[in-house]
Every structure is written in structure tokens, then in C-alpha cells.
């Protein structure tokens, strides 16, 4: 008996410890430099942005196996999946579509080419910087890395039908909607830890630096009394107000729409009441987010946003002493009839001793191309 | 090497090889509200992130939070920011349980349970929940409300998203169609049955314990000579004792009379499987299986009760819930025993019975060991092995097939032997 118990204990230890598979922590996905694939180069030679993106999306789909394609391709009416984007790490909030980690190098190259074609140079630099920021975090903690980002192709990409490209992961969500031939590139969430520039594999990246600086520059340009009128007193901000969580997996934008301030909550300094130089700073700040896309897409958006300046507010919140990039809870926003941009300073999560940025860019009427 | 050293080395190796899962840090979270509709109460379990409450109360540390949450001021804060009324605006009486802080999902949360009783003739199925907990100040905060239980609608445990509340949307209309207690009762029977079908540890224990009941212990060995009548009597005894044991603790636990830490209960359940498995290999407690079944049944009952944890019902809804759940547990248990036991008994009495018995013993012991190590370590150790085990046991019907094949062979062999013998 004694002996059999001992044997059992051994068995126990042996069985109890049966292996442990490692999680595929973000192998680095390269997205620097020129287009990777010939197919993408051919797509880039097309004349309209719509044609280019549809072509590159199909080129990506063509590289996939049948089962990968099933995961990557979503129906336009699959609103639940279409609302699966977030700021949180992907283990906590899985993203829609196909994760880069498990697919072939050819498919990964085609995915990155698609992004490069869909975004402007500025946008591509942002994506690359954010992917690298996660690789950088991945050196400190498992569960972060550029291969953990996902791409989804919603609908059938073509010049004559509606479709959407979703790309995102931790601190990143691009939802690029093509509806009726027009381009609706929101909701868009960008954040970064670290928020400052950083080095990775010998190169320097700064995906959020100019965005933060542009928002703070507006505040800096205001006089003391203007700052007071733009202050959101009595309110605290632990994150952006119209957060990704309002949408995640809900299949409707009702919650997020209801979170835009109305009535007495809608306050700040009217952009139309600003001086020319102050107003120019607002335009520069909006461009940081809206010009993530090529001019063909961004020009009409910017024109619409500037046209709405007489109903567009700049506001800030957090400690009454003023917003500070190193103080969590500092908050800056631009709130127009369509454009909605928030930047909030949050405490460090992985890099504990320093703050990081969350930002969101929404279009009150254009999110998801107005489809849900 | 001396056996003790082997064991120690093994344990050391186990500790080295087994990976501790990495914790994921995360950003700010919204609050959660789980709504449970009983026959006459509307209970909500609130999970409020400490980080989000901090700016409201000016907390600077977890200690600040824990001290504040324990004081009546916190309960008063919840009371001041929560209002539940009939659709016509008549208020429900809301009682608030003392709040506690707890850590889960890699964050600290305040858990508080509010129970609302409507005015006479008001149904908790039609109510307006108005709250601006946290959101009156933290405008980035949001509260996601989920329906968790609706007894009369037969909706138990599954989360249904209701709505997100925030600084500009502070009210939720609850409008649930009328149901009946019977729907809830039937749903709970199904939950109980499913709990057994999924909770393979309970079944494995019972089957392992029942196997040797069909045999007779002689000189510390099992021998297949037990008469049928005695076998049936003993099986009924064991099953009844197990039922009695788990019913007792299930009721005691569900009604809040006794409580045991779930980690301890889960580990004890695993240990019970190991004991039963060893008993299969070599008689530990022959003819006292019923007493063992009673004692371990009592432990397993606490495990069943965990399925009812936070069910959010009171009074007669709670009693109905527990009774129905127990009936479901019992039905599924008896069903599976009735299907598998005849084959098991036949197989164990066949010439390859001892091989079958050792296999059952070793397999059950290994499973018990994996669970024991995994559960006692709070899931930190042997997680992969436990997942493999679950995956393997998910194909438990294969075990049944093998058992029936063995039994069929045993019958056939006996038939052939008797034909040969009568021919001689």
C-alpha cells in the first residue's frame, strides 16, 4: 500500500506537469519601407483610392488558405464583429478578423501592403510606430507584439460595393469604411505606451509625439481667461469619454452616440471665436488624426470639419492647474458637429513610472459609414 | 535513490517545469452590473473598479479604498446614487449589503450587492434602474448592465447585455415579459443535469467508487464472486449515500449556513477521486463504500453549490432553485450510472477484469492527481495537463463504448466457454 501510494504520487507529479505550450508572443512584423509585394505595387498604380484599396484587399485575401479566409472575411451585416475593436490588449478583448501571428510571411506582407496603400505616409508611420511600440512592450512583458494585430476584410472589396478594412490590436484600431463610394475612416483609436519617442532595433519611433504636441499647443496658445472658459470643471477623465468599450462587440453605435456631450455638457471655447493663429492650431491638430489617410480621402473630411468651426469646441479637463502630458487625467478634446477628437493622459501600465496617451477620432455621423 | 528523494526531486522538477501564467496589465475598466430577477426581488451585483472610484473619493491607495469601502459612508454613497422604481415612478425599497474589495481580472474591484423590493403588487420584471454611481463625476466612465438570472423566464446564468449607462445616460428600463415559476424550475433542473455532464470529476468519482462494489474483497485483493442481489443492494446503498451527502451540503451551502473556500473544496474533490482510485487497485475500505460515499458526497455537494454561487435569489425562489438544481444533478447522475454500470460490472467480472480494474484505477488516480495539483495551486501549476485532461474526458463516451465492447466480449467468452464445457 505504502509503495503504491508513492508510485501514485510520482505519477501525480509527472501527469500534473504535462507540458506547457508557449503563447506566440509577438514575433516582429516588419512594416518599414516600400511595398512588399508585386500585387500591391500593381494596386498602387490604380487611379482612385477606392480602386487601390479594393485591389490590395483582394490581393491580401488571395494569399490566404480557405480557413484563414473564413476568419478574415466578414459579412457587412456582421455588426457584432465589426464593433470588435478596442484599446485593451488582445488577450482581454479579441479583435475581429485574422491575427498576423499565424499566417504565412506572404500573407503578412500583403496585409502590411494593404495598410500602406489605405493610409497616407503619415498614417503608415503611425501604424509602424504603434506596432513597434508593442514590440517594445513585448520585450518587457509577454502578450504584446506586432504579430498580435488582426486584419479583417468586411464585405466584398470592389469599386462598386461597400466594404470595410479593420486593422488593430493593442492601442490601435483603424476602421476604414467605404460606403457608396465615399470614405469613412472612423472610429479610429490610437494610443501608445510609451508616448514619447523610443528606440527599437536601432531605429527611433514616435507615433504619438506630434499628436500630443498638437493638442497641447492649442491649450498653450490660449490666454488665461480663454483657458478658464475652455475648462471642463467638475469632471474627471480616466480615459476618453466615447471609449472603445462603448462599441466593443455590441453591434450598434447607440451607446457611443449617446455619450457625445449634449446640452450643458457641450462646452469649451468655440473655435470660431479663436484668433486666426489659434484656429490654425486646431486645424493642425485635427489633421494629426484625419490626415492618416491620403489627401483624396482627407481633403473632403478636413473641408467639412473646418466648415463646422462655428459649432466646434476646444475643451480641456483634469487638474485645474492645467493639462500636463505627465499628469494622468489630463484631457484635451475637439468637439464639432462631426469631428470628435479626444486625447487623455493615463498612468503607465507596463512602464509604471511614466504616463501614456489614449486618443480617439470619431465622426459623429460617419462612424462605420453610418451603417450601424 | 531513496523513494522520498525521488518524490522530492519529482516535486522540484514539477515546480520548475510548470509555467506560471503571465499576468496582463490593463487599462481602465468600466463598471459591471449583473441583474438577477427573482419572483419578488430585483438584485444587482455591482462590480466597481477601485481605480474609477478613486477620483470620486480622493483615494490614493488601495488601503484608502479598503478603509472607505468598509464604512457606512460608502453604502450611503451607493444609496444616494441608485434609484429603482416602478415604471410609474414609485420607488422600490433598496437594501445594500456591505461592500467588499476583491481582486480579479488583474484589477481591484468593489463588489456591492443591492436588493430591491417593490411596493405591493409591483413586479420586479418592470422597473426603472437609475444610477450615476461614478459617472456623476468621471465622465469617461461607463456601467455595463447584464441580465444574469430571470427565474420565471427560465433564464439562468447566461449573461444578456442590457445597456451601457454613462454620464449622459443614467437610466435603464427593465421590461421583461411575464413568466412562471415552472419555467425557472425546469431551467434549473437542466442546469443541474448539465453541471454533472460537464463536471466530470463528480462522475469519475462515483464510477470509480462503484466499480469495486461489484466485487468482493478477499485477503486485500478484489475477486469477482459477488452475488447479483448483494451487488445491486450495495450499488443502491452507495448511490443513495452519495446523494444524501451532496444534498445536505448543497442545501447548507446554498442557503448560506456553511461556507468553505472553493479552492479547498475543489482540491478535496480531486483527492476523493484519488482515494477511490486507490481503493479500486487495492481494497482500502471494503464494505464501507457507503460511508465513504456519504462523506465524500458531502464534499462534492460544496462543489455543486459553487454552480449556484451569486445566484441572486432570495426566499422561496432560492429554495426552488436549489431543489430543482439538485433534482437535475440526481437525474443526470442516475442516468449515466444506469448506462455505464452494467457494462462496468460485467467487464470487471470477466477474465480481463483485473486489467480493466487497474486501468480504471490508474486513469482515475492520474486524473485526480492532475486536478489536485492544479486546483491546490489555484490553477498556477499543471494548467496544460488539466486542459488536456478536460479535452480527453470530453470524449468520455468513448470510454463507455470501450466498456461495452469489453462487456460484450466477456459475455461472448463466457458463452463460448459454457458451450465448450457442455460439449465435453
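Protein chains in written order, with my numbering: chain A, 18 to 389; chain B, 20 to 443.
All C-beta atoms, glycine included, are put in the ideal place defined by N, C-alpha and C.
Buried/exposed call for residue i, threshold 16 Cβ in 10 Å
{"i": "residue 41 (chain A)", "result": "Since pLDDT at residue 41 (chain A) reaches only 44, below the 50 mark, its modelled position is unreliable, and no value is offered."}
{"i": "residue 349 (chain B)", "result": "buried"}
{"i": "residue 201 (chain B)", "result": "exposed"}
{"i": "residue 221 (chain A)", "result": "exposed"}
{"i": "residue 106 (chain B)", "result": "exposed"}
{"i": "residue 374 (chain B)", "result": "exposed"}
{"i": "residue 118 (chain A)", "result": "buried"}
{"i": "residue 438 (chain B)", "result": "exposed"}
{"i": "residue 53 (chain A)", "result": "buried"}
{"i": "residue 275 (chain B)", "result": "exposed"}
{"i": "residue 249 (chain A)", "result": "buried"}
{"i": "residue 40 (chain B)", "result": "Low per-residue confidence applies at residue 40 (chain B): pLDDT is 32, beneath 50, and the placement is therefore not dependable, though the value from the model is reported in the following sentence. Exposed: under 16 other Cβ atoms inside 10 Å."}
{"i": "residue 432 (chain B)", "result": "exposed"}
{"i": "residue 228 (chain A)", "result": "buried"}
{"i": "residue 188 (chain A)", "result": "buried"}
{"i": "residue 288 (chain A)", "result": "buried"}
Chain-ordered neighbours of residue i on chain B, where CB pairs are closer than 8 Å
{"i": "residue 362 (chain A)", "result": "Under the 8 Å cutoff, chain B gives no residues; its nearest Cβ is about 12 Å from residue 362 (chain A)."}
{"i": "residue 267 (chain A)", "result": "180, 183"}
Residue nearest to residue i in terms of C-alpha spacing, selected from the options
{"i": "residue 371 (chain A)", "options": "A:214, A:78, A:122, A:123", "result": "A:214"}
{"i": "residue 321 (chain A)", "options": "A:300, A:335, A:341", "result": "A:300"}
{"i": "residue 332 (chain B)", "options": "B:52, B:118, B:60", "result": "B:60"}
{"i": "residue 395 (chain B)", "options": "B:219, B:441, B:280, B:380", "result": "B:280"}
{"i": "residue 207 (chain A)", "options": "A:233, A:307, A:155, A:179", "result": "A:307"}
{"i": "residue 211 (chain A)", "options": "A:363, A:47, A:379", "result": "A:363"}
{"i": "residue 67 (chain B)", "options": "B:90, B:122, B:113", "result": "B:122"}
{"i": "residue 198 (chain A)", "options": "A:179, A:124, A:259, A:231", "result": "A:179"}
{"i": "residue 233 (chain A)", "options": "A:343, A:223, A:328", "result": "A:343"}
Same chain only: Cβ atoms within 7 Å of residue i, ignoring 5 sequence neighbours per side
{"i": "residue 323 (chain B)", "result": "214, 265, 269, 348"}
{"i": "residue 301 (chain B)", "result": "239"}
{"i": "residue 136 (chain A)", "result": "144, 309, 310"}
Where residue i meets chain B, residues with beta-carbon distance less than 9 Å
{"i": "residue 257 (chain A)", "result": "159"}
{"i": "residue 315 (chain A)", "result": "Result: empty, since nearest Cβ-Cβ is about 27 Å, beyond 9 Å."}
C-alpha distance - residue i paired with residue j, whole-angstrom precision
{"i": "residue 80 (chain A)", "j": "residue 102 (chain A)", "result": "24 Å"}
{"i": "residue 132 (chain A)", "j": "residue 141 (chain A)", "result": "7 Å"}
{"i": "residue 246 (chain A)", "j": "residue 292 (chain A)", "result": "15 Å"}
{"i": "residue 348 (chain A)", "j": "residue 66 (chain A)", "result": "34 Å"}
{"i": "residue 357 (chain B)", "j": "residue 254 (chain B)", "result": "11 Å"}
{"i": "residue 327 (chain B)", "j": "residue 87 (chain B)", "result": "30 Å"}
{"i": "residue 332 (chain A)", "j": "residue 150 (chain A)", "result": "28 Å"}
{"i": "residue 379 (chain A)", "j": "residue 72 (chain B)", "result": "27 Å"}
{"i": "residue 290 (chain A)", "j": "residue 275 (chain A)", "result": "27 Å"}
{"i": "residue 341 (chain B)", "j": "residue 376 (chain A)", "result": "49 Å"}
{"i": "residue 92 (chain B)", "j": "residue 117 (chain B)", "result": "11 Å"}
{"i": "residue 162 (chain B)", "j": "residue 308 (chain B)", "result": "52 Å"}
{"i": "residue 471 (chain A)", "j": "residue 297 (chain A)", "result": "No statement about residue 471 (chain A) is possible, as the shown extent of chain A runs from 18 to 389 and does not include it."}
{"i": "residue 361 (chain B)", "j": "residue 368 (chain B)", "result": "11 Å"}
{"i": "residue 223 (chain B)", "j": "residue 388 (chain B)", "result": "13 Å"}
{"i": "residue 61 (chain A)", "j": "residue 127 (chain A)", "result": "12 Å"}
{"i": "residue 404 (chain B)", "j": "residue 230 (chain B)", "result": "25 Å"}
{"i": "residue 335 (chain B)", "j": "residue 361 (chain A)", "result": "49 Å"}
{"i": "residue 177 (chain A)", "j": "residue 196 (chain A)", "result": "9 Å"}
{"i": "residue 186 (chain B)", "j": "residue 155 (chain B)", "result": "6 Å"}
{"i": "residue 401 (chain B)", "j": "residue 115 (chain A)", "result": "30 Å"}
Nonlocal neighbours in the same chain, by C-beta distance under 8 Å from residue i, ignoring five residues either side
{"i": "residue 325 (chain A)", "result": "353, 354, 355, 356"}
{"i": "residue 63 (chain A)", "result": "69, 72"}
{"i": "residue 317 (chain B)", "result": "264, 265, 267, 268"}
{"i": "residue 173 (chain B)", "result": "198, 202, 203, 205, 206"}
{"i": "residue 408 (chain B)", "result": "386, 389, 390"}
Interface residues of chain A facing residue i [CB-CB closer than 9 Å]
{"i": "residue 70 (chain B)", "result": "255, 364"}
{"i": "residue 187 (chain B)", "result": "275, 276, 277, 278, 279, 280, 282"}
{"i": "residue 156 (chain B)", "result": "251, 252, 253"}
Proximal chain A residues relative to residue i, where beta-carbon distance stays under 8 Å
{"i": "residue 74 (chain B)", "result": "253, 255, 346"}
Chain-ordered chain B contacts of residue i [CB-CB under 7 Å]
{"i": "residue 262 (chain A)", "result": "49, 161"}
{"i": "residue 272 (chain A)", "result": "183"}
Residues of its chain near residue i, where Cβ-Cβ distance is below 6 Å and the 5 sequence neighbours each way are ignored
{"i": "residue 45 (chain A)", "result": "152, 163"}
{"i": "residue 33 (chain B)", "result": "In this prediction, residue 33 (chain B) scores a pLDDT of 42, lower than 50, which makes its location untrustworthy; the coordinate-derived value is nonetheless stated afterwards. Cβ neighbours of residue 33 (chain B) beyond the five flanking positions: none."}
{"i": "residue 145 (chain B)", "result": "106, 194"}
Min CB distance residue i to chain D below 8 Å
{"i": "residue 317 (chain B)", "result": "Absent from the structure: chain D. Protein chains present are A and B."}
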